[in-house]
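Peer 1: There's a structure below that I have some questions on.
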Amino acid sequence: MTELSAPFAPDWVSPPGDTIDDIAEERGWTQAELAQRLGYSEKHLSLLINGKVPITVDAAQRLERVLGSTMEFWLAREANYQKHKARIEAERRHAEWVPWLEELPLKELMVNGAIEKKRLVAKNKPGLVETCLRFFGVASPDEWRAHYGGMEVAFRRSREEQSDVGAISAWLRMGEQQAEQLDGPKCPKYNKARFQQALQTIRGLTCLPPQEFEPQMRQLLHDAGVLLVLVPAIPRSHVSGVARWLSPSRPLIQLSLYGKSNDKFWFTFFHEAAHILLHAGSREAKKSVFLDDPSTSHNNDPQEHEANQWAGERLIPAEHNDRLLTLTTQAEILQFAEEINIHPGIVVGRLQHEGLLSFATVLNRFKESFQLRTAEHD
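Be aware that the sequence shown starts at 433, since it is given in the working numbering, and climbs by one per residue.
This is how it looks when you write it as structure tokens:
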């Protein structure tokens, strides 16, 4: 026996009235006689037969008494009709909404496992519309534009290139889905003092390998009521990290692992932490969505500069600035990093950022690259 690969889904649908009509015809009843037996006007019966009015519980009971079968049969017949009619209507709308797909990073979403992989051919596109609506959790492209287009006014961009709402919204949604898995009644509400304490402890983890610092980092943030999600980059979003509030008591730090050397990772993390600590003083402020690529130098937003300064000083306190100017050799950098309990790769990155060390230096070997686990691997 051959197994069908997909359920039968015809592009037509038969209303329950067809069954009503067939039984009446077998019994030789005119529509007027059937209407009389059912206690309906001929007009109402005509509407019922043509699927213009639904079979209610009362109608199903009348049909059971007059035509036979059961009330459950007639209600199930109506339910199946409505379901298939809705499916056909949805397929029609999805075909009309296919142009919306041009606004979305479909290939990247497939590669990252956010949506099912399918060939981008015409016959698959209506189905991809349904898949993307489910992914974003919206009823139609209009609701997608209303939600993410409305959210766009809250975007605090650090780069002019961050203008692709489709790419940015896809990346944000991937983070939201991970956050939904992490959040719950057992996750404490945000506690600023505990968050500050957690950040101090996390700074001391920078010398550890990812498999050791990551679970500790997640737990410390969780206990402070802060969610951390790691989401693969969507190229056109030009985002390496985001700080946002999913609710007034639930902050989220989302990192894309874009530029995975440890100096960039730690600076980006503390930059986003600064936005949570410094730039959420009111309910209105918590509506901001900070889209960041802290490596850029072309930004005049004072909050971005403040977050950059805060992150830099958390990693290498300002009291050591004069000492930084004297570091020229490998031995000096290693000794300094050990003294202040920071990874030497972070020191190298800071010296390069300040223009005190060439980006082509052999000391780049201290800047370790690593791949952190994303939520689906936990």
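Cβ atoms here follow ideal geometry from the backbone N, Cα and C, with glycine treated the same way.
Because the structure is a prediction, the values reported are computed rather than measured.
If I'm right that Asn694 touches Ile765 with Cβ under 8 Å, what's the distance once you round it to whole angstroms?
Peer 2: About 14 Å separates the two Cβ atoms, so there is no contact after all.
Peer 1: In the DSSP assignment, find the unbroken beta strand (DSSP E) run with Trp698 in it and report its ends.
Peer 2: Element bounds for Trp698: not the beta strand (DSSP E) but the alpha helix (DSSP H), Asn694 to Leu710.
Peer 1: Less than 8 Å between C-beta atoms, sequence neighbours within five positions excluded: which residues of the same chain meet that for Glu502?
Peer 2: Contrary to the premise, residue 502 reads as Thr rather than Glu in this sequence. So the qualifying residues of the chain are Glu496.
Peer 1: Okay, do the region 674 to 685 and the region 620 to 631 touch, 3+ Cβ pairs below 8 Å being the bar?
Peer 2: Segments in contact, yes.
Peer 1: Rounded to whole angstroms, what's the CA-CA distance from Arg715 to Ala743? Just pull it up for me.
Peer 2: So the two alpha carbons sit approximately 24 Å from each other.
Peer 1: Would you grab the beta carbon distance between Arg746 and Leu631 for me? Rounded to a whole angstrom, and I think it's under 8 Å.
Peer 2: Arg746 to Leu631, Cβ: 7 Å. Contact.
Peer 1: Check whether the Cβ of Arg566 lies closer than 9 Å to any Cβ atom in chain D.
Peer 2: Of the protein chains in the structure, only one exists, and it is not chain D.
Peer 1: State the Cα-Cα distance for the pair Val671 and Leu757, rounded to the nearest angstrom.
Peer 2: 31 Å
Peer 1: Is Asp615 closer than 9 Å to Leu689 when the C-beta atoms are compared?
Peer 2: no
Peer 1: Just mark Val553 as buried or exposed, buried being the case when its beta carbon has 16 or more other beta carbons within 10 Å.
Peer 2: exposed
Peer 1: Following the continuous beta strand (DSSP E) through Ile685, name the residue where it begins and the one where it ends.
Peer 2: Arg682 to Leu687
Peer 1: Please check the pair Lys557 and Val530, which I expect to be a contact at CB under 8 Å, by giving their CB distance rounded to whole angstroms.
Peer 2: The Cβ separation is near 5 Å, so the contact holds.
Peer 1: Could you name the residues that DSSP lists as bridge partners for Gly673?
Peer 2: Leu687 and Asp724
Peer 1: Go ahead and pull the three-state DSSP assignment for Ser601.
Peer 2: helix
Peer 1: Which of the three DSSP states is assigned to Ser801 in this structure?
Peer 2: strand
Peer 1: From Asp450 to Ala527, what distance separates their C-alpha atoms?
Peer 2: So the two alpha carbons sit approximately 28 Å from each other.
Peer 1: Excluding the 5 residues preceding and the 5 following Gln594 in the sequence, name in chain order all residues of the same chain whose CB lies nearer than 6 Å to its CB.
Peer 2: Here Gln594 scores only 48 on pLDDT, less than 50, and its place in the model should not be relied on; the value that follows carries that caveat. These residues qualify, in order along the chain: His670 and Leu723.
Peer 1: Kindly list the residues whose CB is nearer than 7 Å to the CB of Ser801, restricted to its own chain and excluding five residues on each side of it in sequence; keep chain order.
Peer 2: Lys692 and Ser693
Peer 1: What three-state label does DSSP hand Ser478 in the structure shown?
Peer 2: Helix, per DSSP.
Peer 1: Quickly, what does DSSP pair Leu659 with across the bridge? List them, please.
Peer 2: Leu684
Peer 1: Since Ile666 contacts Ala599 with CB under 8 Å, what's their CB separation in whole angstroms?
Peer 2: That pair is a contact at about 5 Å.
Peer 1: What residue range does the alpha helix (DSSP H) around Asp733 cover?
Peer 2: Neither: Asp733 is in no alpha helix (DSSP H) and is coded neither H nor E.
Peer 1: Distance check for Leu541 and Arg551, CA to CA, integer angstroms please.
Peer 2: One C-alpha to the other measures close to 13 Å.
Peer 1: Do you know how far the Cα of Cys639 is from the Cα of Val794?
Peer 2: 20 Å
Peer 1: Is it right to say Thr563 is buried, meaning 16 or more other beta carbons lie within 10 angstroms of its own, or is it exposed?
Peer 2: buried
Peer 1: Tell me, to the nearest whole angstrom, how far the beta carbon of Phe798 is from that of Val780; I am working on the premise that it is less than 8 Å.
Peer 2: 5 Å
Peer 1: Please report how far the alpha carbon of Thr488 lies from the alpha carbon of Glu608, in whole angstroms.
Peer 2: 41 Å
Peer 1: Look at the alpha carbon of Ile772 and the alpha carbon of Ser790, and state the distance between them as a whole number of angstroms.
Peer 2: 23 Å
Peer 1: What are the boundary residues of the alpha helix (DSSP H) that includes Thr633?
Peer 2: Lys624 to Arg635
Peer 1: Whole-angstrom Cβ separation of Val663 and Trp603, contact assumed at under 8 Å?
Peer 2: 6 Å
Peer 1: On a CA-only basis, which of Asp655, Phe645 and Pro642 is nearest Phe627? Give me that one, please.
Peer 2: Looking from the CA of Phe627, the closest CA among Asp655, Phe645 and Pro642 belongs to Asp655.
Peer 1: For Gly460 and Gly483, what's the separation of their Cα atoms in angstroms?
Peer 2: 22 Å
Peer 1: Can Glu474 and Ala467 be called in contact, C-beta distance under 9 Å?
Peer 2: yes
Peer 1: Just to confirm before moving on: does the CB-CB distance between Arg605 and Ala546 stay below 9 Å?
Peer 2: For Arg605 and Ala546, yes; Cβs fall inside 9 Å.
Peer 1: Could you give the residue range of the alpha helix (DSSP H) that holds Leu541?
Peer 2: It spans Leu538 to Val543 - the alpha helix (DSSP H) in which Leu541 sits, taken as one unbroken run.
Peer 1: So what's Leu678 in DSSP terms, helix, strand or just coil?
Peer 2: strand
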